[in-house]
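Take 8 as the starting number for the sequence shown in our numbering and just add one per residue. Ideal placement from N, C-alpha and C gives every residue a C-beta, glycine not left out. Read the structure below first, then the notes.
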Amino acid sequence: MTIKSYLVAGTAAVALTACGGGANEPTIEDAETPPTQAEAELHPLLADVAAANYSLEKTHAFMTVKVGHNGGITQYRISFTDFDGDLAFDPADPETSRVSFTINPATVETNYPGDYGAGHPDSQWSSWNEDVSRDAKWLNSDAHPEITFVSTSASRAGDLSGTVTGDLTLLGVTRPVTLDVTYNGVANPPWFEGRDVIGFDASTKLNRSDFGMAAYIPNIGDEVTVEFSGEFLQDE
Numbered sequence: 008m009t010i011k012s013y014l015v016a017g018t019a020a021v022a023l024t025a026c027g028g029g030a031n032e033p034t035i036e037d038a039e040t041p042p043t044q045a046e047a048e049l050h051p052l053l054a055d056v057a058a059a060n061y062s063l064e065k066t067h068a069f070m071t072v073k074v075g076h077n078g079g080i081t082q083y084r085i086s087f088t089d090f091d092g093d094l095a096f097d098p099a100d101p102e103t104s105r106v107s108f109t110i111n112p113a114t115v116e117t118n119y120p121g122d123y124g125a126g127h128p129d130s131q132w133s134s135w136n137e138d139v140s141r142d143a144k145w146l147n148s149d150a151h152p153e154i155t156f157v158s159t160s161a162s163r164a165g166d167l168s169g170t171v172t173g174d175l176t177l178l179g180v181t182r183p184v185t186l187d188v189t190y191n192g193v194a195n196p197p198w199f200e201g202r203d204v205i206g207f208d209a210s211t212k213l214n215r216s217d218f219g220m221a222a223y224i225p226n227i228g229d230e231v232t233v234e235f236s237g238e239f240l241q242d243e
């Protein structure tokens, strides 16, 4: 989703000065550049994180939607299996970060264990996945083949958390939503050949009726929670 949140690592490069002029002693030319004030104030979990563009590492990313069922006695969950995201991230200035997501609503996974055909003999659809993704009262993916989120602002809430506000377009309706975002850290595994991979969790709540999806309220709740957990890989 931009993400959004996170903030800052403490690195401090210590400048080396010559101590006696010995042949093997470092000279001022060998010194590392001292950190800027912003870099010196970074949170340790953001040490060595590159200010760069990142793309969603899709093999380690998860997006779940939950909504109250039977008046809210349970939280019914579905997930999307095809979505992508781009992130511009600067650990020293996270409020300038930008994130966008594109979701394919035809890739809903409901994990429906029953015999859909037997339970829905009048349905035009072959499965509950297809019903939720394609029916006009739900995600209507034939008419609206993308769900998008584009960030418009980000703000810091804590050392590793913040909010990202942006425009969500669902069923052809665009409305602002705000994500609560937590930065989880950085890894640099050898198979990425020096590129950083950074992790975030994010969530938001919205009313589906605001986007024109009002079927079966209140038996199926109006308020929907969207949850994301995933990794972003530094672009080459």
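Extent of the continuous alpha helix (DSSP H) run through residue i
i	result
D149	First-last for D149: undefined, no H or E at that position.
Proximal residues to residue i (C-beta, below 7 Å), its chain only, five neighbours per side dropped
i	result
G78	P225 and N226
G194	The question names Gly, but residue 194 in the sequence shown is Ala. Here the set comprises V204.
S248	Summary: the structure shown does not reach residue 248, with the chain confined to residues 8 through 243, and so no result is reported for it.
N214	D229 and E230
S130	D138
V56	A16, P98, V193, D203 and I205
K65	D91
Cβ distance (whole Å) where residue i is taken to contact residue j below 8 Å
i	j	result
T155	T185	Not confirmed; about 16 Å, so no contact.
V106	S162	Contact doesn't hold; Cβ gap of about 13 Å is too wide.
S216	D208	Not really, about 26 Å apart at Cβ, beyond 8 Å.
G219	L175	So it is not a contact: roughly 13 Å between Cβ atoms.
V72	V180	Wrong, their Cβ atoms sit about 16 Å apart, outside the cutoff.
L240	S62	6 Å
G201	P101	Their Cβ separation, rounded to whole angstroms, is 23 Å, which puts G201 and P101 out of contact at 8 Å.
K144	A58	In fact, because the Cβ distance is near 44 Å, the residues do not count as touching under 8 Å.
The beta strand (DSSP E) enclosing residue i, as first and last residue numbers
i	result
G192	V180 to A194
H50	Note, H50: premise wrong, no beta strand (DSSP E); not H, not E.
V204	V204 to N214
I80	I80 -> no beta strand (DSSP E), and no H or E assigned at all.
Residues near residue i by beta carbon distance below 6 Å, same chain, minus five either side
i	result
P112	S140, L146, S148 and I154
N60	A95 and D242
N31	Note that N31 scores 43 on pLDDT, short of 50, meaning its location in the model is unreliable and no value can be drawn from it.
Y123	S134 and W135
Proximal residues to residue i (C-beta, below 8 Å), its chain only, five neighbours per side dropped
i	result
A68	F90, G92, F235, S236, G237 and E238
N136	V115, E116, T117 and Y119
I80	none
P196	V204
P183	T159, T172, G173, D174 and L175
Identified DSSP bridge partners for residue i
i	result
V56	Its beta-bridge partners do not exist; DSSP assigns none.
A68	G237
T88	The partner list for T88 (beta bridge, DSSP) is empty, contrary to what the question assumes.
L94	Y61 and V106
G169	R163 and V188
D174	V157 and P183
E230	N214
* **Length at least 4, wholly inside the region 96–147: the alpha helix (DSSP H) runs in chain order** => Whole alpha helix (DSSP H) segments, 4+ residues: 123–126 and 135–141.
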